[in-house]
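**Student:**
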Amino acid sequence: MQADHKQPVIGVALGSGSARGWSHIGVIQELEAMGVRPRVVAGTSIGALVGAVYVSGQLKDFTDWLVKLTVRDVVRLMDFTFSGGFVKGERLFGYFGEHHPDPNIEDLEQHRFVSVATEMKTGREVWVTEGPVLAAARASCAIPGLFTPVKLNDRWMLDGGLVNPVPVSAARALGADVVIAVNLNAQLVGLHLSAAGRQEAERAVDAAPPDGVPKTKGFWHRVVGYLESGDPEKPGFFDVVASSVNIMQDRLTRSRMAGDPPELTLLPRLEDFAMMDFHRAAEAIAEGRRVVQQHEAEIRAWAGIKA
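The numbering of the sequence shown is this note's numbering, which starts it at 42 and goes up by one.
#1: Who are residue 113's beta bridge partners in DSSP?
#2: If you draw a straight line from the C-alpha of residue 216 to the C-alpha of residue 313, how long is it?
#3: Where DSSP assigns a beta bridge to residue 145, which residues make up the other side?
#4: Starting from residue 343, trace the alpha helix (DSSP H) both ways and give me its first and last residue.
#5: Can you give the Cα-Cα distance for residue 50 and residue 219, rounded to whole angstroms?
#6: Should residue 315 be labelled buried (16 or more other beta-carbon atoms within 10 Å of its own) or exposed?
#7: Between which two residues does the beta strand (DSSP E) holding residue 159 run?
#8: Output yes or no for whether 8 Å exceeds the beta carbon distance between residue 52 and residue 181.
#9: Could you name the residues of the same chain whose beta carbon sits closer than 6 Å to that of residue 153, not counting the 5 residues immediately before and after it, in chain order?
#10: Restricting to Cα atoms, I'd like to know which of 331, 139, 184, 98 is closest to residue 158.
#11: Tell me whether the stretch 54 to 68 and the stretch 327 to 335 touch, counting them as touching only if at least three CB pairs, one residue from each stretch, are closer than 8 Å.
#12: What residues in its chain sit with their C-beta under 7 Å from that of residue 203, if we drop five residues either side in the sequence?
#13: Would you report the Cα separation of residue 151 and residue 311, rounded to the nearest angstrom?
#14: Can you tell me the Cβ-Cβ gap for residue 201 and residue 86, rounded? I've got them flagged as a contact below 8 Å.
#15: What three-state label does DSSP hand residue 83 in the structure shown?
#16: When you compare the stretch 136 to 145 with the stretch 160 to 167, are there three or more beta-carbon pairs, one atom per stretch, that lie closer than 8 Å?
#17: Along the chain, where does the alpha helix (DSSP H) containing residue 184 start, and where does it finish?
#18: In or out: residue 318 buried (at least 16 other Cβ within 10 Å) or exposed?
#19: Would you report the Cα separation of residue 189 and residue 47, rounded to the nearest angstrom?
#20: First and last residue of the alpha helix (DSSP H) that includes residue 213?
#21: Rounded to whole angstroms, what is the Cα-Cα separation between residue 292 and residue 225?
#22: Out of 78, 111, 98, which has the shortest C-alpha to C-alpha gap to residue 323?
#23: Please name the residue in 288, 96, 341 whose C-alpha comes closest to that of residue 174.
#24: Tell me whether the beta-carbon of residue 167 lies closer than 8 Å to the beta-carbon of residue 179.
#25: How close, in whole Å, do the beta carbons of residue 206 and residue 290 come, if the pair is a contact with beta carbons under 8 Å?
#26: Let's test the definition: count the other Cβ atoms within 10 Å of the Cβ of residue 338 and tell me whether it reaches 16, buried, or not, exposed.
#27: Anyone know if the C-beta pair for residue 56 and residue 223 falls short of 8 Å?
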């Protein structure tokens, strides 16, 4: 810790983890509740999205909307495709852009923000520190096999979790004296969308009104058939994709954090969350708050805040 009495610059490294990433919201909420306000925010994948909403000052409104999402809502926000991925993401991020401010990163006054992405052509790690915050977040959210790549500054970008799942190094580079890392990859889950979630989603599309999205309805039934292996004892297509991504990110996270360890690592317990359980935000947020409360004494010590 620092020897002087000046309060350190607190940074958060918000890791990848698909639907488990809603726990980042609870982490930020609880940190602020105890008087710890992160000035540096580094995010990868879902962590980049939550970080972007936070630094743009819209976390409360975003959370209020998020906790009301149903499976049907999630399905309707997905623009399905088989071109470069499973979901384009344009409808989802378009919704965010319509309902939330989208300031440029360089214009932020209270935070420093970086989104970590992977350049598809070279495999290089890219730190996005300029331009609209939502575009920066979208560049980091392209899980292979799930979300399609996105073009940013004439370069195709893939998910940042391929190179830096928990971006401690990026937070450090932006000036954080103390880095609180949120690692969502410590407990692997092997599903893209749980069997129960798939059935619930199928029912939601079946119940869509005539003026809803009939093309999506037919498409979803074909997708469900594609997801299933036909044998409950064998993994389906997205079971394989999700497990492969999670295993890779877990091993990479261990390696990167061993070389550049944070001052504190938070490990939300969300083993039963499948990748597409985005409708379970309230549970994930509560777990994020719980894990911060569990480490309150350590966090206050690092931040120089008395109990």
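Note that CB positions come from ideal geometry on N, CA and C, so glycine has one too.
**Tutor:** Result, derived from the coordinates:
#1: According to DSSP, which records beta bridges pairwise, residue 113 is partnered with nothing at all.
#2: 35 Å
#3: 173
#4: 337 to 344
#5: 6 Å
#6: buried
#7: 153 to 160
#8: no
#9: If we look at residue 153 and ignore the five residues flanking it on each side, its Cβ neighbours are 81, 215.
#10: 184
#11: yes
#12: 159
#13: 31 Å
#14: 6 Å
#15: strand
#16: As far as the Cβ criterion goes, the stretch 136 to 145 does not touch the stretch 160 to 167, which means the pair count is below three.
#17: Unbroken run through residue 184: none, as it is neither H nor E.
#18: buried
#19: 45 Å
#20: Counting along the chain, residue 213 sits inside the alpha helix (DSSP H) bounded by residues 209 to 214.
#21: 12 Å
#22: 111
#23: Measuring from the Cα of residue 174, the nearest candidate turns out to be 96.
#24: no
#25: The pair is a contact, with the Cβ atoms about 4 Å apart (cut-off 8 Å).
#26: Answer is exposed; the Cβ neighbour count stays below 16.
#27: yes
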